[in-house]
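Student: When we follow full-length UniProt numbering, the leftmost residue of the sequence shown carries the number 1, and every step to the right adds one. Every residue, glycine too, gets a C-beta built ideally from N, C-alpha and C. These figures come from a predicted structure and were not determined experimentally.
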Amino acid sequence: MAPAIPSVQWAQVSPKLGGPVEYKQIPVPKPGPDEILVNIKYSGVCHTDLHAMKGDWPLPVKMPLVGGHEGAGIVVSRGTLVDTVALGDHVGVKWLNGSCLACDFCETGDEPLCAKAILSGYTVDGTFQQYCVAKAAHVSPIPKNVSLDEIAPVLCAGITVYKGLKESGAKPGQVVAIVGAAGGLGSLAMQYASAMGLRVIAIDGGDEKREWCKQLGAEHYVDFTASKDLVADVKAVSPDGLGPHAVLLVAVSELPFQQAAGYVRSRGTVVAIGLPANAYLRAPVFDTVVRMISIKGSYVGSRHDGKEAIDFFSRGLIKVPIKVVPLAELGNVFTLMEEGKIAGRYVVKMPE
Ligand code: NAD
Ligand code: ZN
Ligand code: ZN
Numbered sequence: 001m002a003p004a005i006p007s008v009q010w011a012q013v014s015p016k017l018g019g020p021v022e023y024k025q026i027p028v029p030k031p032g033p034d035e036i037l038v039n040i041k042y043s044g045v046c047h048t049d050l051h052a053m054k055g056d057w058p059l060p061v062k063m064p065l066v067g068g069h070e071g072a073g074i075v076v077s078r079g080t081l082v083d084t085v086a087l088g089d090h091v092g093v094k095w096l097n098g099s100c101l102a103c104d105f106c107e108t109g110d111e112p113l114c115a116k117a118i119l120s121g122y123t124v125d126g127t128f129q130q131y132c133v134a135k136a137a138h139v140s141p142i143p144k145n146v147s148l149d150e151i152a153p154v155l156c157a158g159i160t161v162y163k164g165l166k167e168s169g170a171k172p173g174q175v176v177a178i179v180g181a182a183g184g185l186g187s188l189a190m191q192y193a194s195a196m197g198l199r200v201i202a203i204d205g206g207d208e209k210r211e212w213c214k215q216l217g218a219e220h221y222v223d224f225t226a227s228k229d230l231v232a233d234v235k236a237v238s239p240d241g242l243g244p245h246a247v248l249l250v251a252v253s254e255l256p257f258q259q260a261a262g263y264v265r266s267r268g269t270v271v272a273i274g275l276p277a278n279a280y281l282r283a284p285v286f287d288t289v290v291r292m293i294s295i296k297g298s299y300v301g302s303r304h305d306g307k308e309a310i311d312f313f314s315r316g317l318i319k320v321p322i323k324v325v326p327l328a329e330l331g332n333v334f335t336l337m338e339e340g341k342i343a344g345r346y347v348v349k350m351p352e
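1. Compute the Euclidean distance between the alpha carbons of Gly68 and Leu101, then round it to the nearest angstrom.
2. Could I get the ranges of all uninterrupted beta strand (DSSP E) runs contained in the segment 236-311, with 3 residues as the minimum, in chain order?
3. Rounded to a whole number of angstroms, what is the C-alpha to C-alpha distance between Leu87 and Glu70?
4. From the DSSP output, read off the bridge partner residues of Asn39.
5. Can you check whether the CB of Ser140 is closer than 7 Å to the CB of Gly92?
6. Per DSSP, what kind of secondary structure is Gly98 in: helix, strand or coil?
7. Entirely within the segment 105-169 and at least 4 residues each: give me those alpha helix (DSSP H) ranges in chain order.
8. Check Gly19 in the structure and name its three-state DSSP category.
9. Measure the Cβ-Cβ separation of Val133 and Leu37 and say whether it is below 7 Å.
10. Measure the CB-CB distance between Gln12 and Leu330 and report whether it falls below 7 Å.
11. Would you mind working out which of Trp95, Lys54, Val28 sits nearest Ser77, comparing C-alpha positions?
12. Any heavy atom of ligand 2 closer than 6 Å to the Cβ of Thr127?
13. Can you tell me which of the three DSSP states residue 389 falls into?
14. Quick test of your reading: Ser187 and Val176, contact by CB under 8 Å. State the CB separation rounded to the nearest angstrom.
15. Output needed for Ser314: all residues of its chain with C-beta closer than 6 Å, excluding positions within five of it in sequence on either side, in chain order.
16. For the beta strand (DSSP E) containing Arg199, list its first residue and its last residue.
17. Exposed or buried, what is Glu208 when buried is set at 16 or more other beta-carbons lying within 10 Å of its beta-carbon?
18. From Lys228 to Val234, what distance separates their C-alpha atoms?
19. By DSSP, does Asp49 sit in helix, in strand, or in coil?
20. Excluding sequence positions up to five away, which residues of its chain have a Cβ less than 6 Å from the Cβ of Arg345?
21. Measuring CA to CA, which of Leu96, Cys103, Ala72 is closest to Asp89?
22. Could you name the residues whose beta carbon sits closer than 5 Å to any heavy atom belonging to ligand 3, keeping them in chain order?
23. Pro326 bridges to which residues according to DSSP?
24. Please list, following the chain, all residues that have a C-beta closer than 5 Å to any non-hydrogen atom of ligand 2.
25. Which residue from Asp305, Lys62, Pro284 puts its Cα closest to that of Ile295?
26. In the DSSP assignment, find the unbroken alpha helix (DSSP H) run with Ala195 in it and report its ends.
27. In the DSSP assignment, find the alpha helix (DSSP H) that holds Asp207 and state where it starts and stops.
28. Per DSSP, what kind of secondary structure is Leu317 in: helix, strand or coil?
29. Would DSSP call Val175 helix, strand or coil?
30. Decide if Leu198 is buried, meaning its Cβ has at least 16 other Cβ atoms within 10 Å, or exposed.
31. For His122, collect the residues of the same chain with a Cβ closer than 6 Å to its Cβ; drop the 5 residues on either side in sequence, then sort them by chain order.
32. Exposed or buried, what is Glu339 when buried is set at 16 or more other beta-carbons lying within 10 Å of its beta-carbon?
33. Using 7 Å as the threshold, is the C-beta distance between Ala226 and Gly180 below it?
34. Val324 and Lys341 - do their beta-carbons sit closer together than 7 Å?
35. Going straight from the alpha carbon of Val264 to that of Val231, what length do you get?
36. Ligand 1 and Met196: does any heavy atom of the ligand fall closer than 6 Å to the residue's C-beta?
Written out as structure tokens, the structure reads:
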């Protein structure tokens, strides 16, 4: 029997740019013909949600907005055209809520680059609500034996760092520096890297985060708040002193984006993933040329990348370090995030 769907629900709503979020009741949305309604059980809180609330980026954001794009839940209703997802299925609602499925990028497994992409918790309402609408073609299937609280952060943080590691071209046995290693993306990046056979240099700030990174598989830790010469310190801990083969930038400030080209190994790759407001990448042309450095961006992942990233988790290779709090406390999570006080990922639990 189909579950009863209420007409109103609890949600966290940003009424205007800059926030703060308001915890209140709003109507339950209805899915269109190619959409499903997902009863969200848990949603991860990504730093992107904070950027969205603050209006940090040169991309217009819907207001008022229900943010959130790491939503794990159960399908409770579906549009007339949907036959790929069944009621009762467990699915993940991701940043890429939908795309045209017909352009060059969609056809070649680069859906995030689709010009018609719609974004959960940014251009359409997201997962900080009990019932969320998503395009059926884009939700990620979640095996029923997987816990919905732990899988939630995999749906953005996990997929994004897994894709970034693939884009880095680093091979088993090689070394990757993860910058912003103790945060939500970084904590998963260290583990995906280890599971892929890579060795990890973690870069973040403070002794608590040092312990955290060591526990999650980092071989070395460089404290950016204590280092007097970060470039030299990162090179010094790389096995042969020549620097890491790849750098994954998941920090939320500009300076590390300017430093990475200084310590990446010759012929190495710098992958920009973090999106600090108004920031620029900088590298000396001379060094980039004569050391054959690659610098590139990496943006979430395709549906296929999503399946692979979830599969790593399902097989027990990734421990997702979560702290679960009620949806009502989202505002406090944003405060801690802004202060850089979070290690790992906060997940909000929807009211019963
Ligand atoms: P987070 O707040 O959980 O973690 C950021 C970490 O960076 C913190 O541990 C902080 O201490 C660390 N940090 C700050 N300054 C640093 C410095 N100078 N050197 C080293 N570490 C430093 O954030 P998150 O949720 O992991 O998100 C990280 C960034 O990635 C955000 O900008 C987010 O919008 C972006 N993001 C991008 C994509 C993508 O597809 N490219 C996807 C998801 C998130
Ligand atoms: Zn995200
Ligand atoms: Zn497209």
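Tutor: According to the structure data:
1. Reading the sequence shown from its first residue, position 68 is the one you call residue 68. Reading the sequence shown from its first residue, position 101 is the one you call residue 101. Each residue's alpha carbon lies about 23 Å from the other.
2. 246-249, 269-272, 294-297
3. Residue 87 sits at position 87 when you count from the first residue of the sequence shown. Residue 70 sits at position 70 when you count from the first residue of the sequence shown. So the alpha carbons of these two residues sit roughly 20 Å apart.
4. Counting from one through the sequence shown, the residue named residue 39 turns up at place 39. BP columns for Asn39 point to Ile74, Tyr131.
5. As a working note, residue 92 is residue 92 in the sequence shown. As a working note, residue 140 is residue 140 in the sequence shown. Taking 7 Å as the Cβ cut-off, Gly92 and Ser140 qualify as a contacting pair.
6. In the sequence shown, counting from the first residue as 1, residue 98 sits at position 98. DSSP places Gly98 in strand when its eight states are reduced to three.
7. Entirely contained in the segment 105-169, the alpha helix (DSSP H) runs reaching 4 residues are, in chain order, 148-151, 157-168.
8. Translated into positions along the sequence shown, residue 19 becomes position 19. Correct three-state label for Gly19: coil.
9. For this step, residue 133 is matched to residue 133 along the sequence shown. For this step, residue 37 is matched to residue 37 along the sequence shown. In this structure, Leu37 lies closer than 7 Å to Val133 by Cβ.
10. As a first step, residue 12 must be located in the sequence shown, where it is residue number 12. As a first step, residue 330 must be located in the sequence shown, where it is residue number 330. Between Gln12 and Leu330, the CB-CB gap stays under 7 Å.
11. What you label residue 77 is simply residue 77 of the sequence shown in a count that begins at 1. Among Trp95, Lys54, Val28, the Cα nearest to that of Ser77 belongs to Val28.
12. Within the sequence shown, numbered from 1, the residue matching residue 127 stands at position 127. Not under cutoff, so the answer is no.
13. The first residue shown for the chain is 1 and the last is 352, placing residue 389 beyond what the model contains.
14. Taking the first residue of the sequence shown as position 1, residue 187 is located at position 187. Taking the first residue of the sequence shown as position 1, residue 176 is located at position 176. About 14 Å separates the two Cβ atoms, so there is no contact after all.
15. Residue 314 sits at position 314 when you count from the first residue of the sequence shown. So the list reads Pro143, Val146, once near-sequence residues are dropped.
16. On the sequence shown, position 199 is the one that residue 199 refers to. Residue range 199-204 is occupied by the beta strand (DSSP E) that includes Arg199.
17. Counting from one through the sequence shown, the residue named residue 208 turns up at place 208. With fewer than 16 other CB atoms across the displayed protein chains lying within 10 angstroms of its CB, Glu208 is exposed.
18. Translated into the one-based positions of the sequence shown, residue 228 becomes position 228. Translated into the one-based positions of the sequence shown, residue 234 becomes position 234. Going by the C-alpha atoms only, they are around 11 Å apart.
19. By 1-based counting over the sequence shown, the position of residue 49 is 49. Residue state, collapsed to three classes: helix.
20. Here the question's residue 345 lines up with position 345 in the sequence shown. The beta carbon of Arg345 sits closer than 6 Å to those of Gly44, Pro153, Gly184, Ile322, all from its chain and outside the five residues before and after it, given in chain order.
21. Within the sequence shown, residue 89 is the residue found at index 89, counting from 1. When only C-alpha atoms are compared, the closest one is Ala72.
22. Ser99, Cys100, Cys103, Cys106, Cys114
23. Here residue 326 refers to the residue found at position 326 when the sequence shown is read from its first residue. DSSP, once it has assigned bridges, lists Lys349 as partnering Pro326.
24. Cys46, Thr48, Cys156
25. Taking the first residue of the sequence shown as 1, we reach residue 295 at position 295. Of the candidates Asp305, Lys62, Pro284, the one whose C-alpha sits nearest the C-alpha of Ile295 is Pro284.
26. Start at 1 with the first residue of the sequence shown, and residue 195 comes out as number 195. Looking at the DSSP string, the run of the alpha helix (DSSP H) that includes Ala195 is 184-195.
27. Numbered from its first residue, the sequence shown carries residue 207 at position 207. For Asp207, the enclosing alpha helix (DSSP H) stretches over residues 207-215.
28. By one-based count along the sequence shown, residue 317 stands at place 317. It is coil, neither helix nor strand.
29. Reading the sequence shown from its first residue, position 175 is the one you call residue 175. Strand, per DSSP.
30. As a first step, residue 198 must be located in the sequence shown, where it is residue number 198. With 16 or more Cβ atoms within 10 Å of its Cβ, Leu198 is classed as buried.
31. Locating residue 122 in the sequence shown gives position 122, where the first residue counts as 1. The sequence given here places Tyr at residue 122; His does not occur at that position. Excluding residues within five positions, the ones whose Cβ falls inside 6 Å are Ala52, Val61.
32. Here residue 339 is taken as the residue at index 339 of the sequence shown, counted from 1. The residue is exposed, with fewer than 16 neighbouring Cβ atoms inside 10 Å.
33. Taking the first residue of the sequence shown as 1, we reach residue 226 at position 226. Taking the first residue of the sequence shown as 1, we reach residue 180 at position 180. Taking the C-beta atoms as reference points, Gly180 is found no nearer than 7 Å to Ala226.
34. Looking up residue 341 in the sequence shown gives position 341. Looking up residue 324 in the sequence shown gives position 324. No, Cβ-Cβ distance for Lys341 and Val324 is not below 7 Å.
35. In the sequence shown, residue 264 corresponds to position 264, counting from 1. In the sequence shown, residue 231 corresponds to position 231, counting from 1. One alpha carbon belongs to Val264, the other to Val231, and they sit about 9 Å apart.
36. Counted from its first residue, the sequence shown places residue 196 at position 196. No - ligand 1 has no heavy atom lying nearer than 6 Å to the Cβ of Met196.
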